[in-house]
Every structure is written in structure tokens, then in C-alpha cells.
Amino acid sequence: MTISVKNSSVRRVFFPLASLFFSVGIVFSSPYIGMLRDYLSSSFGDYFNLFLYILLGIALIEMALFLSVHIKTERLKRYAAAGAVALCLLLVRRGLISPDSRVALIELIHFAEYGILSLLIFYALKGKLSKWLACCWSVMLTTTVGMSDEGLQWLLSSRVGEFRDLAIDASGGLIGQLFLLLVIFPAGIKYKVSPRHIRSFFLGLALFILLGGLFIGQVQSGYWIEDNTIGRFKSHFTSSKLRQLQGERLRLWSQSPLLLREISGSEREPLWRMEDFYLTEARCHTRWRNQYEEEGDLYRAVKENLILTRFYRPYISLTHQQWERRRVQDYLKKAGKQMEQHYYSICFRYLYHLPRKSVYWLLVFSSAGLTFSLAFWWARGGRTKDL
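Residue numbers (the numbering used here): 1 to 387.
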């Protein structure tokens, strides 16, 4: 049993175009996702969580109706497989999706988008490749779109691109393919695969490894900043670069009243402005400092304040968020011997520290080269294979 479009010529055109336009839509809608979240949050207020659960309930009901209509054979096995896919969904919800309902809604929307995208890509490839290869290509291409999406978010000040978001995107594509393989299509069928298909798959995998290495090496890499008094935290910059940026940002922000109003939050920032990672890091440490203070965790609040004072002073000074000396002394006294403990800030903890980037790039290019070689070794002989 398969899902099909009756006119095969229409299908050959529809699914590739739908995949392309849907991918472009996902990537370039990123800056507006925050606006959608704020609009829904303000519209539903205290009923925001209820709204979220209603959406999830509707999706589950639609899925149950779909299965009841389309599954005609091997019902027990397929319903069990559907249950296994649902369990995977719950694991993703628990392990990757944020507990904050406002953030969770956007992440679930992304998860659903990439699940739909993987299905569109699968049907665009299904007539040309075996179902297994089409599934593998779908996961790789979906994840590649996710890397483009998160890479764009990394460049924009209105969004944050991180590896956890990419994991959510890739999970959406992977679970979409599991649903196709385990529930929609009969299990136990072998498909003939030509050497040309094997070769193209490994070539695509080699390119995927290079793109993944580029994403981690450029977008998700950072540095440990060590300080005997503070402890350590992660940054996009080295310690010496952070100190250099303090003087540069102080001059830049002081000379631009409009930019200073945007930084302080009194005026909305442009959606498509390039990310200033120094400013983003300062905001992150300020947010956590204030949250720790509200929770009564004065040890962590003072540590975050020390980070701000030593590395991000222009931000807290020009936005009038610098603590008075008396306040700091009072918190130090209350924290007591806790201040002697080694502190680790959770700001930008997702950044990967690559102490030897040359070794990292050697591993990336070696893996891609080995996969490239497999493309010709596996497919040699010109015989078709079962897959």
C-alpha cells in the first residue's frame, strides 16, 4: 500500500518543486518565527499552554484517522510500528524540546516542518531510487536544509542558531522516514539498487560530511575563557579578543544613540541585522545574572556579574544595568565560602571547544575522502544489489 498521485507526470513535477519551495520557505521564514511566538503568546495569554496541547491533540487525532483509513493489511504490525514512532516522538519531546511552552511551540512547529519536508523529498525521489535510498537521501537533504536554516539564524541578531535546534530538525526528518518505512510501506520487501545509485549516495554522503563539519567548525565552535576568580565560560571569542572588543563596542555604542536604544531594548532591532555575538553574549550573561538573583542564588548571580564586569562592561554600563558596589559587597557576604567554588556558566554551553582545529579539519576531510572512495569501491562490478 502506498500513497500516490494518480498522474505520474504531475507527481514528477509537483514533489520536487514542493520540496524546493518548502525548503526556501523554512529557511527564510526564520527571522519571523519570534514574531509569531510573541503574537500567539500575547493573544492567548494564560491559555497559551492549553492552545499548545489542543494543537498537539488535533495532530494526534488526524494521525489516528489517517491510519484507520489507509492501513488495510498487517494492521497489528503497523499499529505497533505507529506506536513505536509515537514513542520516538515522546523521547524527542522530552530530550530536545524546551520545557518553556513559548519556546516549545516554535520548536514543535520546526519539528513538524522538517517532518513534512522529509516526506516531500521522499516522494520526489521515490520514482527514481529504491525506497531505502530515498529515505536515506531524504534524511540527509532535510538535515542539510536544517544546517542552512540554523546557519542563517546564527548570522542574524533576531534568532539563535544552535546544534540542539539542528538535532530537532534532523529528528523531524528521521521520524518522518521511520513512519514511511515502518507504517506506510510493507516491511520485508527488497528493492534492486544499481551501482550508479550506490555511487551517488556515497558521493552525497561525502558532501554531507563536509557540510556538517563546516557547520560545527564555523557555526558551533568557541573558546573556553578561564579566570581564577570567576571560573570558566564559553565564548565565540578568545579572552584577549573579548578585552579588545570592550573598547571597540564602547566607542561604537556611545557614538550612536539609535543603536544604543536598540541595544537597551527601547527600540525594536531590525529582523535582518547581522548578529553581534559580543552583544548576544552580554545579554545572555545579564539575563542569567538577573534570573539567579530573583531565585536567590547569589553565588551564581555574583559570578555572572563578575563575568559582565570584566568582559562585557560597556553593555551593562551603557544600558544602566551595572550593579552598585554596595550591592555586590552585600551579595558576596551572603554567598560566603561558596564564592571559592569553581564556577561554570551555562551561557553558550552548546559551543564546541576545538583546541586543535587543524586536527578537526583533518578528521572531517579524511572522513569525507574515505566516503568518496567507498562510492566507487562499493559500486564496482556493475551489478545490481538488493537493498
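For each residue, glycine too, the CB sits at the ideal point set by N, CA and C.
Using C-beta distances below 6 angstroms, list every residue in its chain close to residue i, excluding the 5 sequence neighbours before and after it, in chain order.
i, result
"serine 373", "none"
"valine 92", "Ser171"
"isoleucine 33", "Ile106"
"tyrosine 223", "Ser235, Thr238"
"phenylalanine 311", "Leu242"
"leucine 174", "Val139"
"isoleucine 189", "Caution is warranted here: a pLDDT of 48 is assigned to isoleucine 189, below 50, making its placement in the model unreliable, and the coordinate value is therefore given only provisionally. Hits under 6 angstroms: none found."
Quick check on the DSSP output: the beta strand (DSSP E) that includes residue i runs from which residue to which?
i, result
"tyrosine 223", "221-227"
"serine 389", "Outside the shown range of the chain, which is 1 to 387, sits residue 389, and nothing can be said about it."
For the candidate residues the options, whose alpha-carbon lies nearest to that of residue i?
i, options, result
"glycine 25", "Ala86, Leu117, Ser98", "Leu117"
"methionine 147", "Leu120, Val219, Gln329", "Val219"
"isoleucine 230", "Lys241, Leu308, Glu324, Leu181", "Leu308"
"histidine 285", "Glu294, Gly296, Tyr299, Lys303", "Lys303"
"arginine 283", "Gly296, Glu295, Pro257, His320", "His320"
"serine 317", "Ile263, Gly151, Ser240", "Ile263"
"tyrosine 350", "Leu363, Leu96, Ser367, Ile71", "Leu96"
"glycine 151", "Gly115, Leu180, Pro257, Leu211", "Leu211"
"glutamate 281", "Tyr39, Phe215, Phe348", "Phe348"
"leucine 181", "Glu324, Ser43, Phe122", "Phe122"
"glutamine 322", "Leu362, Ala301, Lys333", "Ala301"
In chain order, what residues of the same chain have a beta carbon less than 7 angstroms from the beta carbon of residue i, not counting five sequence neighbours either side?
i, result
"tyrosine 360", "Gly217, Leu354"
"threonine 371", "Phe202, Leu205, Ala206, Ile209"
"leucine 120", "Phe15, Ala18, Ser19, Phe22"
"leucine 178", "Val85, Cys88"
"serine 98", "Ala104, Glu107"
"glycine 57", "none"
If contacts are defined as beta-carbon pairs under 8 angstroms, then residue i and residue j qualify, I think. What distance do you get, rounded to the angstrom?
i, j, result
"tryptophan 253", "leucine 245", "With a Cβ gap of about 11 angstroms, tryptophan 253 and leucine 245 do not count as contacting."
"valine 183", "alanine 112", "Incorrect: roughly 17 angstroms between the Cβ atoms, too far for contact."
"isoleucine 346", "tryptophan 288", "7 angstroms"
"valine 364", "glycine 213", "3 angstroms"
What are the boundary residues of the alpha helix (DSSP H) that includes residue i?
i, result
"valine 302", "298-311"
"histidine 197", "195-214"
"valine 328", "325-335"
"arginine 289", "277-295"
"phenylalanine 163", "163-179"
"glutamine 246", "239-254"
Using a Cβ-Cβ cutoff of less than 8 angstroms, which residues in the same chain neighbour residue i once the five nearest sequence positions on both sides are dropped?
i, result
"arginine 12", "Gly127"
"threonine 144", "Phe208, Leu211"
Could you give the uninterrupted runs of the alpha helix (DSSP H) lying entirely in the segment 62-141, keeping only those of 4 residues or more?
-> Restricted to the segment 62-141, the alpha helix (DSSP H) segments that are unbroken, complete and at least 4 residues in length are 75-95, 101-125, listed in chain order.
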